[in-house]
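Undergrad:
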Amino acid sequence: MTSSHPVISPRVAGISESATLAVTAKAKAMKAAGEDVIVFAAGEPDFDTPDFIKDAAVEALRAGRTHYAPVPGTPELRQAIADKLRNENHLDYDPAEIVVSCGAKHSLFNAVCALVADGDEVLIPAPYWVTYPEQVRFAGGVVVPVETRPEDGFRLRPEVVEKAVRKGKTKLLILNSPCNPTGAVCDEATLKAVADILVANDICVVSDEIYEKLIYGGRKHVSIFGVADIKDRGVLVNGMSKAYAMTGWRIGYAAAPKPLAAAMSRLQSQATSGITTFAQPGAVEALRSDQSEVEQMREAFAKRRDLIIRRTKEIPLLTCTEPEGAFYLMVGIGKLVGRTVAGRKISGAADFCLMLLDEKKVAAIPGEAFGAPEWCRFSYACSEEAINEGFDRISDLLKDVK
Ligand SMILES: Cc1ncc(COP(=O)(O)O)c(C=O)c1O
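For the sequence shown, position 290 matches number 1105 in the working numbering, and the numbering has no gaps at all.
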């Protein structure tokens, strides 16, 4: 019998929809229907792109920069990225080692596809950003989670990385500092120890540094490529989305040794070509600016971080760690598992988040998709009023739980 639908290839059929985007979409739909939803699900700054960045793109559009751009990015943007990496991160990359893509997500996809072959094992610290395991599986790789613990603030421990290595099988480690969803930041000593493990076992690294500028408590971002001479074994990924409130622009980049950069560019040439031509001058402007607008946004996030930590700690049935970067708080719901809240038995974070959305119109992301079934991710990329209102509702919901 013939089917009326085309059969989806196993490679694509196996991909899950992004859990974060799914909850955000449901909350947005409720909002659009006029419901008073407090959204802690967002993976993007609630600020608007600064005007001077927009102006550069508008000017480029008016000047007729509407034709195809080079696949790996315009020369000006690749130079601006190389200069940024040199001035801010003390990393020496030639513009020819930079590939600009449609967001850091696309840069990660290119990197994973260029490095991972069928059966290669890929170490991913857990809780992890949902996209990493999906991309690795798409490329034919095997995901090996590397546990991080709440009692360590979810910080990566090199000895756990070392234990997960299988010589000859482990191909890649995906690092993310500051981390989505935990906010954990890797310090220099950790990165040095991890770099030693990579070198000793001939493992590559993809370092996703997209939250680099959103870091709190006087900490400084450190790249693994800055603490050890391992540029030849990896890809640094960063982008414009989070630091400059440019999520909708879709501009990310990868820096990698020339053969790897060329492979990523070849892959991109057969998929999307170069990114939007007139968006690129906006990114140049952002990178070359004095960064004061980024600092203003960071300070606002820092205040919200303190507030959401305080409000969570006031609720005895919830726990949390103290994030050091990004704009997410991991809220532990372990004490609620097995109990009944608003007439519903809670068996994990998915139940809790669904109940929270239905009962109190508060949207957060369940941790199952991040590899953390007793944790929920609360984004504090929202106003202080929203944080206070959301946590008033959660307190009210949990006040009668025995
Ligand atoms: C850890 C991490 N890496 C990469 C990205 C992707 O960012 P972009 O908008 O540049 O694709 C995100 C976005 O949520 C993220 O959280």
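Built from N, CA and C at the ideal position, the CB exists for glycine as well. Please read all numbers here as calculations on a predicted model, not as lab measurements.
Using DSSP with H/G/I as helix, E/B as strand and the rest coil, what is C928?
TA: Reduced to three states, the DSSP call for C928 is helix.
Undergrad: Taking Cβ positions, are L1082 and A929 nearer each other than 8 Å?
TA: Going by C-beta atoms, L1082 is nearer than 8 Å to A929.
Undergrad: May I have a chain-ordered list of the alpha helix (DSSP H) segments no shorter than 4 residues that lie completely inside the stretch 987-1039?
TA: 1003-1015, all fully within the stretch 987-1039.
Undergrad: Look up P825 in the DSSP assignment and say whether it is helix, strand or coil.
TA: Three-state result, P825: helix.
Undergrad: By a C-beta neighbour count over all protein chains shown, 10 Å radius and 16 as the cutoff for buried, is D901 buried or exposed?
TA: For the record, residue 901 in the displayed sequence is Arg; it is not Asp. Exposed, by the Cβ-count rule.
Undergrad: Can you list, in chain order, every residue whose CB sits closer than 6 Å to a heavy atom of ligand 1?
TA: Any residue whose Cβ sits closer than 6 Å to a heavy atom of ligand 1 makes the list: G858, G918, A919, K920, W944, N991, N995, D1023, I1025, G1054, S1056, T1062, G1067.
Undergrad: L971 and C1019 - do their beta-carbons sit closer together than 8 Å?
TA: Not in contact: C1019 and L971 (Cβ atoms no closer than 8 Å).
Undergrad: Rounded to whole angstroms, what's the CA-CA distance from E1182 to G1147? Just pull it up for me.
TA: Note that residue 1182 is Gly in the sequence shown, not Glu. Taking the straight line from one Cα to the other gives about 9 Å.
Undergrad: Looking at C-alpha atoms only, which residue of G998, N995, V961, E1027 is the closest neighbour of V1009?
TA: Of G998, N995, V961, E1027, the residue nearest in Cα terms is V961.
Undergrad: Whose CA, out of R826, A848, V854, lies closest to the CA of A1178?
TA: Comparing Cα positions, the closest option is V854.
Undergrad: If you run the structure through DSSP and keep just helix, strand and coil, what is T985?
TA: T985 falls in the strand class under three-state DSSP.
Undergrad: Check the DSSP bridge columns for T1134 and list the partner residues they point to.
TA: Answer by DSSP bridge pairing, in chain order: G1147.
Undergrad: Please classify I1180: does DSSP put it in a helix, a strand, or coil?
TA: Of the three classes helix, strand and coil, the one that applies to I1180 here is strand, per DSSP.
Undergrad: Taking all protein chains shown into account, decide if G1158 is buried (16 or more other Cβ within 10 angstroms of its Cβ) or exposed.
TA: When all chains shown are included, G1158 counts as exposed.
Undergrad: Does the distance from the CB of N925 to the CB of A1069 come in under 8 Å?
TA: Yes, the Cβ-Cβ distance between N925 and A1069 is below 8 Å.
Undergrad: Looking at F1193: is its Cβ nearer than 8 Å to the Cβ of L1144?
TA: A contact, by the Cβ cut-off of 8 Å.
Undergrad: Quick one: grab the DSSP three-state call for L1172.
TA: Helix.
Undergrad: Beta carbon of V1156, beta carbon of L1213: below 8 Å?
TA: A contact, by the Cβ cut-off of 8 Å.
Undergrad: Start and end of the alpha helix (DSSP H) containing S916?
TA: Element bounds for S916: not the alpha helix (DSSP H) but the beta strand (DSSP E), 913-916.
Undergrad: S1194 by DSSP, collapsed to three states: which one?
TA: S1194 falls in the strand class under three-state DSSP.
Undergrad: How would you label D863, buried or exposed, when you count the other beta carbons within 10 angstroms and need 16 or more for buried?
TA: It is exposed - the Cβ of D863 has fewer than 16 other Cβ atoms within 10 Å.
Undergrad: Please return the same chain residues whose Cβ sits closer than 8 Å to the Cβ of E1200, not counting the five positions on each side in sequence.
TA: Excluding sequence neighbours, E1200 sits near nothing in its chain.
Undergrad: Note down, one range per segment and in chain order, each alpha helix (DSSP H) of at least 4 residues found wholly within the stretch 930-972.
TA: Whole alpha helix (DSSP H) segments, 4+ residues: 946-953.
Undergrad: Select from N904, F969, T1091 the residue whose C-alpha is nearest the C-alpha of G879.
TA: That would be T1091, whose Cα lies nearest to the Cα of G879.
Undergrad: Locate the beta strand (DSSP E) running through L876, then write down its first and last residues.
TA: Note, L876: premise wrong, no beta strand (DSSP E); alpha helix (DSSP H) at 866-877.
Undergrad: For H940, collect the residues of the same chain with a Cβ closer than 6 Å to its Cβ; drop the 5 residues on either side in sequence, then sort them by chain order.
TA: Note that residue 940 is Pro in the sequence shown here, rather than His. Correct list, in chain order: V961, T963, L971.
Undergrad: Taking 7 Å as the limit between beta carbons, can you name the residues of its chain near P860, skipping five residues before and five after?
TA: These residues qualify, in order along the chain: K1057, A1060, M1112, A1196.
Undergrad: If you draw a straight line from the alpha carbon of M1055 to that of D1215, how long is it in whole angstroms?
TA: Distance between the alpha carbons of M1055 and D1215 is about 44 Å.
Undergrad: When we look at the beta-carbon of V827 and count the other beta-carbons within 10 Å, is it buried (16 or more) or exposed?
TA: Flag for V827 reads exposed.
Undergrad: Just the C-alpha distance for R1119 and V822, rounded to the nearest angstrom, thanks.
TA: Distance between the alpha carbons of R1119 and V822: 47 Å.
Undergrad: Compute the beta-carbon to beta-carbon distance between V1052 and E1024, rounded to the nearest angstrom, for a pair I have assumed lies under 8 Å.
TA: Yes, V1052 and E1024 are in contact; Cβ-Cβ is about 7 Å, under 8 Å.
Undergrad: Where does M816 land, buried or exposed, given buried means 16+ other C-beta within 10 angstroms?
TA: Annotation note: pLDDT 49 at M816 (below 50); position unreliable, no value reported.
Undergrad: Out of T1005, V873, A1141, which one is the CA nearest neighbour of V975?
TA: Out of T1005, V873, A1141, T1005 has the C-alpha closest to the C-alpha of V975.
Undergrad: First and last residue of the beta strand (DSSP E) that includes G1067?
TA: Its beta strand (DSSP E) spans residues 1067-1070.
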